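Residue numbers (this note's numbering): 23 to 271.
Think of the CB as a built atom: it goes at the ideal place given N, C-alpha and C, for glycine as much as any other residue.
Just so you know, these numbers come straight off a predicted model, no measurement behind them.
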């Protein structure tokens, strides 16, 4: 299986339409500008969630196989709005506007609110596939001290993150994150289907579609993600036919 994955990843790289490099050309991803226009609106809705982030699962809880290496030295909490091409319907009750925004973006596989604790690092790790790239939109305010700006390092190339500005990078390369500030670093992560030559683009989208619906790990993670949101925010008693409940308790 690992050999097949490596061969698939190599084939995707040969037909890559991003232009290559660790930090990718934003002009290839028009949705970056679309999401940036909503950054303040998303932050206004998500910021109460940060205060109760202890309810959210850590990355290692959601993805045990990858979590040990990706979050071994920090508490990295996640709130999923979309996973492998399908909305996380439970999140609609917690963050309805953000849910609507991200689930109306074309080409987005997964959408996640990522919360890093103050003074912490996510150690070097790699994403599982070249099938998509990652957009990183910093939502939390900038610290006043310039020396405490959050950074992202991809394949040895480091960029400073700016609130309301999206960085698109190759998630399949070794990358890490650093938050030296005294406040949590909160970001919206988008897994965006990689632009490819036409025939490979169709093949890639079909592969992602089938993986999200049939692969045992994806099905298990989807159930785990939905259950974690339901438990964290006591949604069983709040769901009604009248529509979503906007208050976060």
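Residue i - DSSP class collapsed to helix/strand/coil
i           : result
residue 228 : helix
residue 154 : strand
residue 29  : helix
residue 127 : coil
residue 206 : coil
residue 190 : strand
residue 110 : coil
Distance, residue j Cα to residue i Cα
i           : j           : result
residue 186 : residue 49  : 17 angstroms
residue 206 : residue 138 : 5 angstroms
residue 98  : residue 83  : 10 angstroms
residue 217 : residue 40  : 6 angstroms
residue 123 : residue 32  : 33 angstroms
residue 72  : residue 221 : 42 angstroms
residue 260 : residue 209 : For residue 260, the pLDDT reaches just 48, beneath the cut-off of 50, and the residue's location in the model is therefore unreliable, although a value from the coordinates is still provided. Roughly 27 angstroms separates the two Cα atoms.
residue 79  : residue 42  : 33 angstroms
residue 115 : residue 255 : 9 angstroms
Other residues of its chain near residue i: CB distance less than 7 angstroms, five sequence neighbours each side excluded
i          : result
residue 36 : none
Distance CB(residue i)-CB(residue j) smaller than 7 angstroms
i           : j           : result
residue 190 : residue 155 : yes
residue 212 : residue 129 : no
residue 67  : residue 120 : yes
Contacting residues, own chain, Cβ-Cβ under 6 angstroms from residue i (five flanking each side not counted)
i           : result
residue 102 : 110, 134 and 247
residue 173 : 180, 182 and 200
Proximity to residue i [Cα-Cα], best of the options
i           : options          : result
residue 131 : 25, 257 and 233  : 233
residue 29  : 239, 150 and 58  : 150
residue 152 : 196, 126 and 56  : 196
residue 69  : 162, 250 and 147 : 162
residue 54  : 160, 243 and 24  : 160
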